[in-house]
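The sequence shown runs 387 to 747 under our numbering. Let me begin by presenting the structure, written as structure tokens, before commenting on it.
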Amino acid sequence: MYISSLSLMNFRNYENQKLSFSPYTNLIYGDNAQGKTNILEALYLFSQGRSHRAKSDRELIRFDSQSARLKLRFHDSERDYTALMQLIRGGRKSISINHIPITKLSMLMNYLNIVMFSPEDLSLIKGSPAARRQFIDSAVSQLYPSYLISLTDYYKALSQKSSLLKSIKRGGDRNMLSVWNEQLAKGAAKIMRQRREFIGILCGFASTVQKEISGEELEVYYVPSIRTSSEDENTLFEFLEAHSRREIEFHSALYGIQRDDINVFINRNNARIFASQGQQRSATLALKIAQAEYIFSEKDEYPVLLLDDIMSELDISRRTYLAEKIRNKQVFITSTDTDLVKSTEQTKLFYVKNGTVHQDG
Ligand SMILES: Nc1ncnc2c1ncn2[C@@H]1O[C@H](COP(=O)(O)OP(=O)(O)O)[C@@H](O)[C@H]1O
Ligand SMILES: [Mg+2]
387 MYISSLSLMN FRNYENQKLS FSPYTNLIYG DNAQGKTNIL EALYLFSQGR
437 SHRAKSDREL IRFDSQSARL KLRFHDSERD YTALMQLIRG GRKSISINHI
487 PITKLSMLMN YLNIVMFSPE DLSLIKGSPA ARRQFIDSAV SQLYPSYLIS
537 LTDYYKALSQ KSSLLKSIKR GGDRNMLSVW NEQLAKGAAK IMRQRREFIG
587 ILCGFASTVQ KEISGEELEV YYVPSIRTSS EDENTLFEFL EAHSRREIEF
637 HSALYGIQRD DINVFINRNN ARIFASQGQQ RSATLALKIA QAEYIFSEKD
687 EYPVLLLDDI MSELDISRRT YLAEKIRNKQ VFITSTDTDL VKSTEQTKLF
737 YVKNGTVHQD G
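Written out as structure tokens, the structure is:
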């Protein structure tokens, strides 16, 4: 799968920019704060429907503009796609692919597969469980868009249950709790099954990659918040019911997939506690490459890779390993330093300065 062109109008610091890409390596370079990441962000938007860093779409529209427009052409082994996106200040964003309006994020997930790796990901291993859930959720959604629907439904019900828990001491209807628990147990059973399966397969890919990078053993385990001998809907419901008194006491939903986590072990030590900086870097790289390989194994299309400013974070042996892995695949690399990336004939260079791109060759 590869992206052939992108046009940006009033997106971030780009007024009007057209870019055409190499199906192999695209190296986007320039000083800080010139607009390198903005390009990757635009690409990512077409894959996930939202920015990897902006809290709201409003941030994406050029200062002083009312709307932004983006156009992307991409291709897989079967078809060519033209995707359009419009962001309007104070309005909803609209997306279409080959003239089909995309009305739900889960629809969008069926088209462009992207795996992004940026410096923030380096805290994946030691950072908050929320970041690890985010990683799992976005990866599983890309593989199985129906997962995103289950997740959205679950979080809607959870927010209802949370409001109820806050109101029970003030006379809220306690009986309603079982109604929400039933719905949540049903959703959780599906989501937990998919998370467990995904993590199992991801672990297989990641441990192979980690071996190749550093010779170390990597294992990834699912750590569900609800620990029961079986994870079917009835057992989960009973668990929630049995713990409702505690949830009422704390006025908060204490158990469920919103509290799940994953554990990463390197050479049988818990990486969250014991991993060195270097080990964290290798393990994160292994997880990202594993995600890409998982997508390839499921879809028969290698995803597009976005590597934002990470080359300077990796030592020479990891960079060399990565370069070998991405050979013949489409990848976008941003860097302030072009020396960190080995250019080949297939590499296309883009120099970014203050919202304008100069394409070499
Ligand atoms: N909505 C916006 N309108 C105009 N400029 C923006 C907007 N959002 C960010 N910028 C500008 O984009 C630049 C940062 O772009 P970015 O791609 O993150 O830089 P880098 O090249 O370091 O990756 C900054 O100069 C910032 O002021
Ligand atoms: Mg940047």
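In this text, a Cβ means the ideal position worked out from N, Cα and C, and glycines have one as well.
Check: residue i C-beta below 7 Å from any heavy atom of ligand 1
i, result
"F449", "yes"
"E506", "no"
"N656", "no"
"L779", "Because the chain is modelled from 387 through 747, residue 779 falls outside the range shown and cannot be assessed."
"G416", "yes"
"V743", "no"
"L446", "yes"
"N412", "no"
"Q420", "yes"
"N399", "yes"
"V727", "no"
"V738", "yes"
Where the beta strand (DSSP E) through residue i begins and ends
i, result
"Q403", "400 to 406"
"I473", "Note that residue 473 is Leu in the sequence shown here, rather than Ile. Note, L473: beta strand (DSSP E), 466 to 474."
"Y737", "734 to 739"
"H744", "742 to 746"
"S393", "388 to 397"
"L413", "411 to 415"
"T487", "The residue you asked about is not Thr; residue 487 is Pro in the sequence shown. 486 to 488 is the span of the beta strand (DSSP E), which, as asked, contains P487."
"I500", "500 to 503"
Closer than 7 Å: residue i CB and nearest ligand 2 heavy atom
i, result
"D694", "yes"
"T423", "yes"
"T720", "yes"
For residue i, the first and last residue of its enclosing alpha helix (DSSP H)
i, result
"D443", "Segment: none, D443 is in no alpha helix (DSSP H) and carries neither H nor E."
"R478", "Looking at the DSSP string, R478 is not in any alpha helix (DSSP H), and its letter there is neither H nor E."
"L544", "531 to 553"
"A454", "Premise fails: A454 lies in the beta strand (DSSP E), 453 to 461, not in any alpha helix (DSSP H)."
"I425", "422 to 434"
"S492", "491 to 494"
Cβ distance (whole Å) where residue i is taken to contact residue j below 8 Å
i, j, result
"S536", "G573", "6 Å"
"Q666", "A657", "7 Å"
"L534", "S492", "5 Å"
"R704", "S668", "7 Å"
"Y540", "L570", "7 Å"
"F682", "N412", "So it is not a contact: roughly 19 Å between Cβ atoms."
"D559", "P610", "No, D559 and P610 are not in contact; Cβ-Cβ is about 29 Å, not under 8 Å."
"K512", "V738", "Not confirmed; about 31 Å, so no contact."
"V526", "R581", "7 Å"
"F432", "M471", "7 Å"
"L473", "A428", "Contact doesn't hold; Cβ gap of about 11 Å is too wide."
"A672", "E617", "Not quite, the Cβ-Cβ distance comes to about 27 Å (not below 8 Å), so this is no contact."
"N484", "P531", "In fact, because the Cβ distance is near 17 Å, the residues do not count as touching under 8 Å."
"L529", "F521", "With 8 Å as the limit, L529 and F521 do not qualify as a contact, their Cβ atoms being about 13 Å apart."
Below-8 Å beta-carbon distance, residue i vs any chain D residue
i, result
"R439", "Of the protein chains in the structure, only one exists, and it is not chain D."
**Item:** Sequence ranges, beta strand (DSSP E) only - wholly within the stretch 656 to 733, length at least 3
**Value:** 690 to 694, 717 to 721
**Message:** Restricting to runs no shorter than 3 residues, where is the beta strand (DSSP E) found entirely within the stretch 574 to 655?
**Reply:** 604 to 609, 647 to 652
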